[in-house]
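Those letters in the sequence shown? Residues 57 to 237, by the working numbering.
Beta carbons are placed, not taken as given, at the ideal position from N, Cα and C, and that holds for glycine.
First comes the structure, then the notes that go with it.
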Amino acid sequence: MKLWKLMSLAVMLLLILSACDTVSDEPNGNGTGEYQSITVDNITLQWRTDTLGNLDVIVSAPTTGWVSVGFDPTIGMEDANIIIGYVSGDTAYARDDYGTGINTHEPDIDGGGEDNILELGGTETAGTTEISFLIPLDSGDTRDRVLVIGNTYDVILAYGEDDADDFDSYHQARTTSQIDL
Ligand code: HEM
């Protein structure tokens, strides 16, 4: 009888351990995993992937104007999948852009692409703007870059002047960094 109880306990322990393995094997959970984070020149970028093929992103910077991130540029802003957004009142606004040159960008929809922002939120508190959004890792849009889990990508980060609630005014700060997906 005691042996039977011991064996049952051992089997339960094995089942619990194998369940733990299953969870930790997932890349970043099902959209509920931990964000990875970098802060460069006062711009904070947080990101995580989900198992539905999306990238979940938060960008914040010390401005009441626009904040932005661009994924996988070739040189300067060129070819980057840029998301630029701001908060006005209680509402977040964002646009899916494409780096058309080293110093230029335009909305995906102006170049035959589409706006692939799936979800959007944002806050503006004490002089800091934060936008959060969800985009597909591979939207199928030629004006977006394909992002693959496990790869490392260059990112560009920038923010506008205070009160620059727009998508076109020049940045007060811009920088570059890298992220691991
Ligand atoms: C919103 C309108 C924007 C305008 C008018 C603009 C304009 C420019 C201009 C004129 C330059 C060259 C001068 C300089 O180095 O500062 C530049 C460079 C740069 N911009 Fe923008 N930009 C805009 C948005 C953005 C956004 C949204 C990002 C990032 C997501 C960004 C990232 C950069 C970077 C990284 C450089 C340096 C490029 C290099 O020399 O390698 N810009 N931009």
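ask   = CB of Tyr149 to nearest heavy atom of ligand 1: below 8 Å?
value = Tyr149 Cβ: outside cutoff for every heavy atom of ligand 1.
ask   = When DSSP labels each residue in this structure, what does Gly167 get in the three-state scheme?
value = If DSSP states are grouped into helix, strand and coil, Gly167 belongs with the helices.
query = Thinking C-alpha only, which one of Thr198, Gly155, Thr185 is nearest Ile114?
reply = The residue with the shortest Cα to Cα distance from Ile114 is Thr185.
Bridge-paired residues (DSSP) for Ala214 = DSSP lists Ser124, Arg230 as partners of Ala214.
task = Tell me whether Ala117 is buried or exposed, calling it buried when 16 or more other Cβ atoms sit within 10 Å of its Cβ.
result = Burial call: buried.
message = Using the Cβ count rule (16 or more neighbours within 10 Å means buried), how would you classify Gly155?
response = Result: buried.
Assigned secondary structure, Val202 (DSSP; H/G/I helix, E/B strand, else coil) = Val202: coil per DSSP, three-state reduction.
ask   = Does DSSP put Ser74 in a helix, in a strand, or in coil?
value = For Ser74, the pLDDT reaches just 41, beneath the cut-off of 50, and the residue's location in the model is therefore unreliable, although a value from the coordinates is still provided. Under the three-state reduction of DSSP, Ser74 is assigned to helix.
ask   = Going by DSSP, which residues form a beta bridge with Asp236?
value = Beta-bridge partners of Asp236 (DSSP): Thr208.
Close-in-space but distant-in-sequence residues of the same chain around Gly157 (CB under 8 Å, 5 per side omitted) = Contacts found: Gly132, Met133, Glu134.
Contacts around Gly109, its chain only, beta-carbon distance under 8 Å, and the 5 residues preceding and following it disregarded = Taken in chain order, the residues that qualify are Pro192, Leu193, Asp194.
query = Who pairs with Thr105 in a beta bridge, going by DSSP?
reply = The partner list for Thr105 (beta bridge, DSSP) reads Leu111.
key: Whole-angstrom distance between Thr231 and Val4, CA atom to CA atom   = In the structure displayed, the chain extends from 57 to 237; residue 4 sits before or after that span and is not available.
key: Continuous alpha helix (DSSP H) assignments of at least 4 residues falling wholly in the segment 134-199   = With a minimum length of 4 residues, no continuous alpha helix (DSSP H) run stays inside the segment 134-199.
task = Identify, in the order they occur along the chain, each residue of the same chain with its Cβ nearer than 6 Å to the Cβ of Asp236, setting aside the five sequence neighbours on each side.
result = Within the same chain, Asp236 has close Cβ partners Thr208.
request  = Determine, using beta carbons only, whether Gly121 and Tyr142 come nearer to each other than 9 Å.
outcome  = Tyr142 is positioned such that its CB atom lies closer than 9 Å to that of Gly121.
inquiry  = Does Ser93 come out as helix, strand or coil in the three-state DSSP assignment?
reply    = In this structure, Ser93 counts as strand in the three-state DSSP scheme.
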